[in-house]
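Student:
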Amino acid sequence: MTNYTTAIGEALAALRRKKPIVHNITNYVTAHECANVLLAIGGSPIMASHPGEVQEITTLSQSLVLNIGTIEEGTATSMLLAGKQANTLQIPIVIDPVGAGATLLRRRVATHLPSQLEVAIIRGNASEIMALYEISYTAGGVDATDESLPITQAATTIAKKYNSVVAVTGAVDIITDGTIVVELHNGVDLLPMLTGTGCMTTAIVGAFASVVSPMTAAIAGITTMSVAGEIAYSKLQHGEWIGSFGRYLHDAIGLMTPEMLVEKARIVVVKE
Amino acid sequence: MTNYTTAIGEALAALRRKKPIVHNITNYVTAHECANVLLAIGGSPIMASHPGEVQEITTLSQSLVLNIGTIEEGTATSMLLAGKQANTLQIPIVIDPVGAGATLLRRRVATHLPSQLEVAIIRGNASEIMALYEISYTAGGVDATDESLPITQAATTIAKKYNSVVAVTGAVDIITDGTIVVELHNGVDLLPMLTGTGCMTTAIVGAFASVVSPMTAAIAGITTMSVAGEIAYSKLQHGEWIGSFGRYLHDAIGLMTPEMLVEKARIVVVKE
Amino acid sequence: MTNYTTAIGEALAALRRKKPIVHNITNYVTAHECANVLLAIGGSPIMASHPGEVQEITTLSQSLVLNIGTIEEGTATSMLLAGKQANTLQIPIVIDPVGAGATLLRRRVATHLPSQLEVAIIRGNASEIMALYEISYTAGGVDATDESLPITQAATTIAKKYNSVVAVTGAVDIITDGTIVVELHNGVDLLPMLTGTGCMTTAIVGAFASVVSPMTAAIAGITTMSVAGEIAYSKLQHGEWIGSFGRYLHDAIGLMTPEMLVEKARIVVVKE
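Here the protein sequences line up with chains A, B and C, keeping their order. Positions 4 to 275 (my numbering) are the ones given, in order, by the first sequence. Positions 4 to 275 (my numbering) are the ones given, in order, by the second sequence. Positions 4 to 275 (my numbering) are the ones given, in order, by the third sequence.
Laid out in structure tokens, this is it:
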């Protein structure tokens, strides 16, 4: 049994040594913030989406992050081209199925990618992961939702189907490879009030995926963001709120050490 | 006669209860800031521009914001598709005609949208609203500008023509539905020195449009940004300037209460 | 011989008086930050990339900045259209060949632009300028790199070839017009840890290019960013890092005076 608490500390040390290049095909809303947190955690971000160059960019990289937040003409093609190249070179792929349930286009892309590519990690919130489950296991109608289905069961099913680690972020985060189930209990309520914290978490998970296994990478990346959120929240003074929180969060990611991560992590292995 | 000061306090309380989803088809320069202020004021932002999904996104939303700041291939089509859907579902539309006078493309889009759609509110600066007036009432030549025309008269004319509330932001803001004219006297000179404060104001107006009438929404949204600007400015210490102002502004929008808005609002009804 | 230290102080005063409109055809990752620093230094930014309007936007402007950071379909066309118009109107062009060596697409665009346009200034890091050198003077293969070639020699060669000032930013910055070589010794290690400081530097250089010669503009723009970085770094308290640095940097650019720039500048003329 892996000691994940120890493992994520070692993962952060390894990430800082390796300075992995992380290729992001991502949305324009949070691209800047994702680049900034990747630099802060010790990675080297490249944002590039043009079908004519994504394969070359992936080839230069140690990790590939595919985020469908503002999908545009040609983006799905770029994601497949980059993804195939990543698979060929055994570069890990992390997918963020932003708003997967919202539109037919997103449902198509969010299920097409993991069915065509070997994906290391899928990171979404409960409604996004539930959407992937419904699309894959029903006729696709939103009405078909079985609301009583626990999210852990949906995540486990998706993880088995795509042979990926599935990470569901929320008040308690759930990470599963289809067999092992881990819960993460760090974080603060203010994180979802800042645009892009989901995307940023996925980007950081992507950086970790270049140095450790998908399970450890998902746990390390999400715990990093959650612990940084706790540190940022603790710094807020009277009259400070979400603008200051964003600045302190960025500070905290840059100043995070393996020791802090190990000390503050609240990881519970629910099922081995 | 509406007491707008009371009304905007109630509007903020209603907005915080409803947490409206606001669909933004907007520019890539300020999309991140618009998403952040929408979250801070109590809304739920979605940025989506692909013609293949905008109708579905609008259907999920309680408000639609169309901003032509960095118009791209397909954006005008997306705006019309989303706008028609919004009209069908009686979801309010708010337009920001960024740089309306600068190019033929922008003049076309900025006048085509309100002539094809029922638009609740058009929010621009004086030169943008004057550009709309000139395009609509002259042969279209920029030379045709009657510089002596007061902006209030141009705004009133445009409001009547398109059956929209027109909000002109500046040192003093002018809001009109074509008959009533209201002036807003809040704000600080530093606001235009921060990129995207116009776009952010329009986004906030969009959130308010989901809970109150277009007149009240325009007054509430603009006053929220202006009062937040005053609070942010008052916090600046020696050696702090526009970077700190942006952070304090974001803090102030998140901490704004109906009581603060009512207490600080400087609304003058010029014509009933 | 120009006294560059005196000249950059005068340049900043002139920039603040002129408030030049700077047209940016740039990437979506750092567009917001570039707009913010342009406002802070005293310019007026316009971001516009659509081939259908870039010529008109350039016509309204006093400077044109072309940044290939996230090149998209149509962007290369827009850059050429805007650039030809800028040449016709004698508006200075500044190019940022982001990631020039990374892909065939970028190599093509980065060399096509200065060969088709009269470019005032090319601003890149050492690897980008070296990539331009290799593409121009070898069969184009990356293997052809002569790693022993000093960057100053590559920059000088490129400057002569394109009749442009070449500015290479790094720990020590090198500015050359092909004959004169100037070194700049300001700056802090933290600057490259913030996404977009290269793009922001190019944008500021673009603003300066509207009021002074290319050599002075490159020196003034880079020194402004480096001195602002030194000021921002000096403000960091215990527990503050890259998020706070970004805010202080933005503050410092807005508060920069000609006197501060002259006092802190460390400019060494290496070759006259």
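All C-beta atoms in this analysis are idealised placements derived from N, C-alpha and C, irrespective of residue type, glycine included.
For the region 72-84 of chain A, which residues have a beta carbon sitting closer than 9 Å to at least one beta carbon of chain C?
Tutor: Answer in chain order: E75, E76 and G77.
Student: Answer yes if the region 151-164 of chain B comes into contact with the region 191-207 of chain B, meaning at least three C-beta pairs across the two stretches below 8 Å, and no otherwise.
Tutor: Contact fails: fewer than three Cβ-Cβ distances are below 8 Å.
Student: Which class does B/T9 belong to by DSSP, given the choice of helix, strand or coil?
Tutor: Within the second sequence, residue 9 of chain B is the residue found at index 6, counting from 1. In this structure, B/T9 counts as helix in the three-state DSSP scheme.
Student: Output yes if chain B places a C-beta closer than 7 Å to the C-beta of C/T5; else output no.
Tutor: Taking the first residue of the third sequence as position 1, residue 5 of chain C is located at position 2. Output row for C/T5: interface = no.
Student: Count the other CB atoms, across all protein chains shown, that sit within 10 Å of the CB of B/E262; report buried if there are 16 or more and exposed otherwise.
Tutor: Along the second sequence, read from residue 1 onward, the residue named residue 262 of chain B stands at position 259. That one is exposed.
Student: For the candidate residues A/A123, A/A221 and A/L107, whose alpha-carbon lies nearest to that of A/E137?
Tutor: For this step, residue 137 of chain A is matched to residue 134 along the first sequence. Nearest C-alpha to A/E137: A/L107.
Student: Starting from the beta carbon of A/A43, find every residue of chain C whose beta carbon is closer than 7 Å, and list them in chain order.
Tutor: If you number the first sequence from 1, residue 43 of chain A lands on position 40. I245, listed in chain order.
Student: Can you check the region 68-114 of chain B for any beta strand (DSSP E) of at least 3 residues that lies completely inside it and give the ranges in chain order?
Tutor: List check, beta strand (DSSP E) in window: 96-99.
Student: Would you call B/H188 buried or exposed, if buried means 16 or more other Cβ atoms sit within 10 Å of its Cβ?
Tutor: By 1-based counting over the second sequence, the position of residue 188 of chain B is 185. Exposed is the call here.
Student: Any idea which residues DSSP pairs C/D180 with across the strands?
Tutor: Position 177 of the third sequence, counting from 1, holds the residue named residue 180 of chain C. In the DSSP output, where bridge partners are listed per residue, C/D180 has none listed.
Student: Measuring only the C-alpha atoms, how far is B/E266 from B/P23?
Tutor: Working through the second sequence from its first residue, we reach residue 266 of chain B at position 263. Working through the second sequence from its first residue, we reach residue 23 of chain B at position 20. Approximately 25 Å, taken between the alpha carbons.
Student: Please state whether the Cβ-Cβ distance between A/A162 and A/D180 is less than 7 Å.
Tutor: Your numbering for residue 162 of chain A matches position 159 in the first sequence. Your numbering for residue 180 of chain A matches position 177 in the first sequence. Going by C-beta atoms, A/A162 is nearer than 7 Å to A/D180.
Student: In this structure, how does DSSP classify C/E266 when only helix, strand and coil are distinguished?
Tutor: Your numbering for residue 266 of chain C matches position 263 in the third sequence. C/E266: helix per DSSP, three-state reduction.
Student: Considering only residues of the region 225-265 of chain B, which uninterrupted alpha helix (DSSP H) runs meet the minimum length of 4 residues and lie entirely inside it, listed in chain order?
Tutor: Listed in chain order, the complete alpha helix (DSSP H) runs (minimum 4 residues) inside the region 225-265 of chain B are 245-258.
Student: According to a CB-to-CB cut-off of less than 8 Å, which residues of the region 203-231 of chain B neighbour chain C?
Tutor: Cβ contacts with chain C come from no residue of the region 203-231 of chain B.
Student: Only counting the same chain, and skipping five residues up and downstream in sequence, which positions put a Cβ closer than 6 Å to that of B/W125?
Tutor: Within the second sequence, the letter at position 122 stands for residue 125 of chain B. The displayed chain sequence assigns Ile, not Trp, to residue 125 of chain B. Excluding residues within five positions, the ones whose Cβ falls inside 6 Å are I98, S167 and V169.
Student: At 7 Å on the CB atoms, spell out the chain C contacts of B/L108, in chain order.
Tutor: Here residue 108 of chain B is taken as the residue at index 105 of the second sequence, counted from 1. In chain order: H53, G55 and E56.
Student: Does the CB of C/V191 have a neighbour CB from chain A at under 7 Å?
Tutor: In the third sequence, the residue the question calls residue 191 of chain C occupies position 188. Output row for C/V191: interface = no.
Student: Taking C/H35 as the query, report the chain A residues whose CB atoms sit under 8 Å from its CB, ordered along the chain.
Tutor: In the third sequence, the residue the question calls residue 35 of chain C occupies position 32. Simply H35.
Student: Tell me which residues share the same chain as A/A16 and place their Cβ nearer than 6 Å to its Cβ, disregarding the 5 neighbours each side in the sequence.
Tutor: Within the first sequence, the letter at position 13 stands for residue 16 of chain A. Taken in chain order, the residues that qualify are P261.
Student: Tell me, please, which residues DSSP counts as bridged to C/T159.
Tutor: Along the third sequence, read from residue 1 onward, the residue named residue 159 of chain C stands at position 156. In DSSP, C/T159 forms no bridge with anything.
Student: Which residues of chain A have a Cβ atom closer than 8 Å to the Cβ of C/R1, listed in chain order?
Tutor: With chain C running from 4 to 275 in the structure shown, residue 1 of chain C is simply not present.
Student: Measure the alpha-carbon distance for A/A79 versus B/I183 and round it to whole angstroms.
Tutor: Residue 79 of chain A sits at position 76 when you count from the first residue of the first sequence. Residue 183 of chain B sits at position 180 when you count from the first residue of the second sequence. The straight-line gap from Cα to Cα measures roughly 49 Å.
Student: Would C/V101 count as contacting chain A if we go by Cβ distances under 7 Å?
Tutor: Against the third sequence, residue 101 of chain C aligns to sequence position 98. Chain A, which has no Cβ nearer than 7 Å to the Cβ of C/V101, makes this no.
Student: Alpha carbon to alpha carbon, how far is B/D192 from C/L84?
Tutor: Here residue 192 of chain B corresponds to residue number 189 of the second sequence, with the count starting at 1. Here residue 84 of chain C corresponds to residue number 81 of the third sequence, with the count starting at 1. Near 36 Å, if we compare the C-alpha coordinates of C/L84 and B/D192.
Student: Near B/I178, which residues of its chain fall below 6 Å by C-beta distance, leaving aside the five closest residues on each side in sequence?
Tutor: As a position in the second sequence, residue 178 of chain B is number 175, starting the count at 1. The residues are A170, V185, A221 and I222.
Student: Examine chain B for any beta-carbon lying closer than 7 Å to the beta-carbon of A/H188, and answer yes or no.
Tutor: As a first step, residue 188 of chain A is located in the first sequence; it is residue number 185 there, counting from the start. Answer no: the Cβ-Cβ gap between A/H188 and chain B never drops below 7 Å.
Student: Which complete beta strand (DSSP E) runs does the region 13-73 of chain C hold, if anything under 3 residues is left out?
Tutor: 24-28, 47-50 and 66-70, all fully within the region 13-73 of chain C.
Student: Under a three-way DSSP split, which group does C/E186 fall into?
Tutor: Taking the third sequence and counting its residues from 1, the one referred to as residue 186 of chain C is at position 183. Three-state result, C/E186: strand.
Student: Strictly under 7 Å for the Cβ-Cβ distance: is B/D180 near chain A by that measure?
Tutor: Along the second sequence, one-based indexing puts residue 180 of chain B at 177. False, the Cβ-Cβ gap to chain A never drops below 7 Å.
Student: Using DSSP with H/G/I as helix, E/B as strand and the rest coil, what is B/T172?
Tutor: If you number the second sequence from 1, residue 172 of chain B lands on position 169. Residue state, collapsed to three classes: strand.
Student: Return the first residue and the last residue of the beta strand (DSSP E) that C/G127 is part of.
Tutor: By one-based count along the third sequence, residue 127 of chain C stands at place 124. Start and end: I124 to N128.
Student: So the candidates are B/F248, B/S229, B/E121 and B/E243; which of them puts its Cα closest to the Cα of B/A235?
Tutor: For the purposes of this step, residue 235 of chain B is taken as the residue at position 232 of the second sequence. Of the listed residues, the one whose Cα sits closest to B/A235 is B/F248.
Student: Identify, in the order they occur along the chain, each residue of the same chain with its Cβ nearer than 8 Å to the Cβ of A/R109, setting aside the five sequence neighbours on each side.
Tutor: The count along the first sequence starts at 1 and reaches residue 109 of chain A at position 106. Correct list, in chain order: I71, I74, P100, V101, G102 and A103.
Student: Across the region 62-70 of chain C and the region 24-31 of chain C, are there enough close Cβ pairs to call them in contact, namely three or more that are closer than 8 Å?
Tutor: Output reads yes: the region 24-31 of chain C touches the region 62-70 of chain C.
Student: For A/T148, which residues in the same chain have their Cβ closer than 6 Å to its Cβ, ignoring the five residues on either side in sequence?
Tutor: Residue mapping note: residue 148 of chain A aligns to position 145 of the first sequence, counting from 1. In this predicted model, A/T148 has a pLDDT of only 47, less than 50, meaning its place in the structure is not dependable enough to derive any value.
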